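Residue numbers (the working numbering), protein chains in the order written: chain U, 958 to 1195; chain S, 958 to 1195.
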DNA sequence: TTGGGAATACTTGTATGCAAGTATGTAGGT
DNA sequence: ACCTACATACTTGCATACAAGTATTCCCAA
């Protein structure tokens, strides 16, 4: 029997979750994905279905189903009769994720520029305002929550609700980087400025400019990649 | 015990498949996806894990895992304690699939236009030639195989191997339509002509023209949608 | 000391058993 | 005739047992 690794949080599902109809599989998937994205599970780390099941207070079945889904996300690699490993970050995986995210979100924001009403634009600006507030208050996690909310809204305004969740599922490797790159001072200010550029283009109904601004914004995170690779070389593939 | 529905093929996995390392889950996923795309499983049809497991000669476990994956593809709907159903075709799902496919493949073909070598272009043209041949020979299934191969090559030339499989997984609803729309005479000729337009743009290294031609090509299948909806109203959502 | 081999303890893949909930069909009462 | 209640047979979600394979470890022999 492997001892429970105490440097990891207890992930057990609450009774409230069960009552709310959420099933164990979804809960496990979310918990494991969060752990990987936040690098609580470090790239390269070996996982064990049995161990995870114990930790999460469920059986192997929902753990397995969650891991299979995470493999589709390229966040784990499952080797039969050998083990399951958190994937290391790779340039190819990052490039692919960036490609998918740019393709989907830029196409979405083009459609959004054609469709957004003044009320929609006001709502988007409200999200940016709240983003400024929580950042001023030093609540970094909530800043990122609002960041996701903004990008989701941009996607949803395209009329294609599939765009955001699909982009997110493909962006696992990128999000790991994002979490690690919260370092240099003006980073946040620049992000907010770029958000406003996209929203301005939406207000004026200019798809080309909206796409251009969003694409540049989405490429910002890549700028911190060399630094992260230097400070965490063990997270990356050879 | 429900009697085995004899109007469906025996899907049992061969020993060779097992020896080749393919696992039951992947086999079941492929078999079920093909059955749904080809409308051998009709939209709205109810499926039973137990029944499918028996038919496929495996246990419920790999069947369950395949069905969960098919739910991600929006090809089945799983209702706890009630049943699993093949989704009906919906305008929203088709629009979403079209959006994803256009976004990914058009972005890919733009990159391909920048990167394709003369040898790459020759190979693409070879695929179109073979497409003409198998169509002349009346081998419709192989025609579609080559169609997929061509689009896959276009995607792969972008350098982002993720583009094609992701586009395919998102295109389940579209592919069901494609299978049903093999009716009017000049359809195939038009498709081949449009393929050549895309390849020409690649040869000349013109991303804008390649994207434009591919987008128009991808929208072709939507033209047959009203006809299909008229001839198979029971396949569609209200 | 070193090398080889078997026992062991793990891994994932699959099969099966149990729990909880829903639709249906039937029997009995009104 | 019709409506209600209950038994039944199904469903999926989850837990667990077994199968097959691999890495490690430890013991024994040379």
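We treat Cβ as the ideally placed atom computed from N, Cα and C, and that holds for glycine.
Predicted, not measured: the structure shown is a model, and the values here were computed from it.
- [ ] Return the Cβ separation of residue 1039 (chain S) and residue 986 (chain S) in integer angstroms, given the expectation that the two are a contact with Cβ distance under 8 Å.
- [x] Counted from its first residue, the second chain places residue 1039 (chain S) at position 82. Counted from its first residue, the second chain places residue 986 (chain S) at position 29. Not really, about 22 Å apart at Cβ, beyond 8 Å.
TODO: With distances taken Cα to Cα, identify the nearest neighbour of residue 1036 (chain S) among S:1025, S:1046 and S:996.
DONE: On the second chain, residue 1036 (chain S) is found 79 positions in, with the first residue counted as 1. The candidate whose alpha carbon is nearest that of residue 1036 (chain S) is S:1025.
- [ ] Determine the contact status of residue 1167 (chain S) and residue 1179 (chain S), defining contact as a CB-CB distance below 7 Å.
- [x] On the second chain, residue 1167 (chain S) is found 210 positions in, with the first residue counted as 1. On the second chain, residue 1179 (chain S) is found 222 positions in, with the first residue counted as 1. Between residue 1167 (chain S) and residue 1179 (chain S), the C-beta spacing is not below 7 Å.
Open item on the list: Measuring only the C-alpha atoms, how far is residue 1143 (chain U) from residue 1183 (chain U)?
Closed with: Locating residue 1143 (chain U) in the first chain gives position 186, where the first residue counts as 1. Locating residue 1183 (chain U) in the first chain gives position 226, where the first residue counts as 1. Each residue's Cα considered, the two are about 18 Å apart.
Task: Residue range of the beta strand (DSSP E) that includes residue 1162 (chain S) - done: Position 205 of the second chain holds residue 1162 (chain S). Counting along the chain, residue 1162 (chain S) sits inside no beta strand (DSSP E), nor does DSSP assign it H or E at all.
TODO: Using a cut-off of 8 Å between C-beta atoms, extract the partners of residue 1052 (chain S) located in chain U.
DONE: On the second chain, residue 1052 (chain S) is found 95 positions in, with the first residue counted as 1. Using a Cβ-Cβ cut-off of 8 Å, residue 1052 (chain S) is close to 1116 and 1117 of chain U, given in chain order.
- [ ] Leaving out five residues on either side along the sequence, give the residues of the same chain with a beta carbon under 7 Å from the beta carbon of residue 978 (chain S).
- [x] Residue mapping note: residue 978 (chain S) aligns to position 21 of the second chain, counting from 1. Caution applies to residue 978 (chain S), whose pLDDT of 47 falls short of 50 and renders its modelled position unreliable; the value that the coordinates give is listed next. Excluding residues within five positions, none has a Cβ falling inside 7 Å.
- [ ] Starting from the C-beta of residue 1194 (chain S), find all residues in its chain whose C-beta is less than 6 Å away, skip the five residues before and the five after it, and write them out in chain order.
- [x] Numbered from 1 along the second chain, position 237 holds the residue referred to as residue 1194 (chain S). So the qualifying residues of the chain are 1045 and 1047.
TODO: At 9 Å on the CB atoms, spell out the chain U contacts of residue 1022 (chain S), in chain order.
DONE: Looking up residue 1022 (chain S) in the second chain gives position 65. Simply 1021, 1022 and 1025.
- [ ] Mind checking who residue 1042 (chain U) pairs with in its DSSP beta bridge?
- [x] Mapped onto the first chain, residue 1042 (chain U) falls at position 85. BP columns for residue 1042 (chain U) point to U:1003 and U:1034.
Task: is_contact[residue 992 (chain S), chain U] using C-beta, thresh 7 Å - done: Here residue 992 (chain S) is taken as the residue at index 35 of the second chain, counted from 1. Answer no: the Cβ-Cβ gap between residue 992 (chain S) and chain U never drops below 7 Å.
Task: N- and C-terminal bounds of the alpha helix (DSSP H) containing residue 1100 (chain S) - done: Here the question's residue 1100 (chain S) lines up with position 143 in the second chain. 1097 to 1113 is the extent of the alpha helix (DSSP H) around residue 1100 (chain S).
- [ ] Going by DSSP, name the residue or residues bridged to residue 1193 (chain U).
- [x] The count along the first chain starts at 1 and reaches residue 1193 (chain U) at position 236. Residue pairing by DSSP puts residue 1193 (chain U) in a beta bridge opposite U:1046.
TODO: Starting from residue 1180 (chain U), follow the alpha helix (DSSP H) in both directions and report where the run begins and ends.
DONE: Reading the first chain from its first residue, position 223 is the one you call residue 1180 (chain U). Neither: residue 1180 (chain U) is in no alpha helix (DSSP H) and is coded neither H nor E.
Task: Three-state secondary structure assigned by DSSP to residue 978 (chain S) - done: Working through the second chain from its first residue, we reach residue 978 (chain S) at position 21. Reliability of the predicted coordinates at residue 978 (chain S) is poor, the pLDDT of 47 falling under 50, and no value is obtained from them.
Open item on the list: Alpha carbons only, please: which of U:1174, U:1169, U:1175 and U:1133 is nearest the one belonging to residue 1185 (chain U)?
Closed with: Reading the first chain from its first residue, position 228 is the one you call residue 1185 (chain U). Nearest option by C-alpha distance: U:1133.
Task: Neighbouring residues, chain S, relative to residue 1060 (chain U) (Cβ below 7 Å) - done: As a first step, residue 1060 (chain U) must be located in the first chain, where it is residue number 103. In chain order: 1060, 1061 and 1064.
- [ ] Could you please tell me which residues of the segment 1121 to 1148 of chain S, in chain order, have their CB closer than 9 Å to any CB of chain U?
- [x] 1123, 1126 and 1127
Open item on the list: Check whether chain S comes within 7 Å of residue 1186 (chain U), counting only Cβ atoms and requiring the distance to be less than that.
Closed with: Counting from 1 along the first chain, the entry for residue 1186 (chain U) is found at position 229. By this cut-off, residue 1186 (chain U) is not an interface position.
Task: Pairwise C-alpha distance: residue 1067 (chain U) and residue 1073 (chain U) - done: For the purposes of this step, residue 1073 (chain U) is taken as residue 116 along the first chain, with counting starting at 1. For the purposes of this step, residue 1067 (chain U) is taken as residue 110 along the first chain, with counting starting at 1. Spanning the two alpha carbons is a distance of roughly 10 Å.
Task: Classification of residue 1094 (chain U) by the beta-carbon crowding that lies within 10 angstroms, buried from 16 upward - done: For this step, residue 1094 (chain U) is matched to residue 137 along the first chain. Residue 1094 (chain U) is exposed by the Cβ-count criterion.
Open item on the list: Quick check on residue 1056 (chain S) - is its C-beta less than 7 Å from some C-beta in chain U?
Closed with: Locating residue 1056 (chain S) in the second chain gives position 99, counting from the first residue. So, interface residue.
TODO: For my contact list, residue 1175 (chain U) and residue 1082 (chain U) are in at a C-beta cut-off of 8 Å; report their separation, rounded to the angstrom.
DONE: Within the first chain, numbered from 1, the residue matching residue 1175 (chain U) stands at position 218. Within the first chain, numbered from 1, the residue matching residue 1082 (chain U) stands at position 125. Not confirmed; about 20 Å, so no contact.
Task: Cα-Cα separation, residue 1023 (chain S) to residue 993 (chain U) - done: Reading the second chain from its first residue, position 66 is the one you call residue 1023 (chain S). Reading the first chain from its first residue, position 36 is the one you call residue 993 (chain U). For the pair residue 1023 (chain S) and residue 993 (chain U), the Cα-to-Cα distance works out to about 24 Å.
- [ ] Using the Cα positions of residue 1137 (chain S) and residue 1150 (chain S), report the straight-line distance between them to the nearest angstrom.
- [x] Translated into the one-based positions of the second chain, residue 1137 (chain S) becomes position 180. Translated into the one-based positions of the second chain, residue 1150 (chain S) becomes position 193. Taking the straight line from one Cα to the other gives about 21 Å.
TODO: Go through its chain and collect everything with a Cβ distance to residue 976 (chain U)'s Cβ below 6 Å, but skip five positions before and after it.
DONE: Here residue 976 (chain U) is taken as the residue at index 19 of the first chain, counted from 1. Bear in mind that the predicted position of residue 976 (chain U) carries a pLDDT of just 44, short of 50, making it unreliable; the figure below should be weighed with that in mind. Taken in chain order, the list of residues that qualify is empty.
Open item on the list: Measuring only the C-alpha atoms, how far is residue 1100 (chain U) from residue 1147 (chain U)?
Closed with: Mapped onto the first chain, residue 1100 (chain U) falls at position 143. Mapped onto the first chain, residue 1147 (chain U) falls at position 190. Taking the straight line from one Cα to the other gives about 14 Å.
TODO: Could you check what DSSP says for residue 1188 (chain S) in three-state terms: helix, strand or coil?
DONE: Here residue 1188 (chain S) is taken as the residue at index 231 of the second chain, counted from 1. Residue state, collapsed to three classes: helix.
TODO: Look at the Cβ atom of residue 1043 (chain U), then the Cβ atom of residue 1075 (chain U), and state whether they are nearer than 7 Å.
DONE: For the purposes of this step, residue 1043 (chain U) is taken as the residue at position 86 of the first chain. For the purposes of this step, residue 1075 (chain U) is taken as the residue at position 118 of the first chain. Going by C-beta atoms, residue 1043 (chain U) is not nearer than 7 Å to residue 1075 (chain U).
Open item on the list: Assuming contact is defined by CB atoms lying nearer than 7 Å, are residue 1010 (chain S) and residue 1131 (chain S) in contact in what I supplied?
Closed with: Residue mapping note: residue 1010 (chain S) aligns to position 53 of the second chain, counting from 1. Residue mapping note: residue 1131 (chain S) aligns to position 174 of the second chain, counting from 1. No. Outside cutoff.
Open item on the list: Can you tell me whether residue 973 (chain S) is buried or exposed? The criterion is at least 16 other CB atoms within 10 Å of its CB, across all chains shown.
Closed with: Residue numbering aside, residue 973 (chain S) sits at position 16 when the second chain is read from its first letter. Note that residue 973 (chain S) scores a pLDDT of 49, beneath 50, so its modelled location is shaky; the value from the coordinates is reported in the next line. Flag for residue 973 (chain S) reads exposed.
- [ ] Can you have a look at residue 967 (chain U) and say buried or exposed, based on whether 16 or more other CB atoms are within 10 angstroms of its CB?
- [x] Working through the first chain from its first residue, we reach residue 967 (chain U) at position 10. Bear in mind that a pLDDT of 49 at residue 967 (chain U), under 50, signals an unreliable position, so the number given afterwards is only what the model happens to contain. By the 10 Å Cβ count, residue 967 (chain U) comes out exposed.
TODO: For residue 962 (chain S), count neighbouring Cβ atoms within 10 angstroms of its own Cβ and tell me buried if that reaches 16, exposed if not.
DONE: Residue numbering aside, residue 962 (chain S) sits at position 5 when the second chain is read from its first letter. Legend: pLDDT at residue 962 (chain S) = 36, less than 50; position of this residue unreliable, value from coordinates given subsequently. When all chains shown are included, residue 962 (chain S) counts as exposed.
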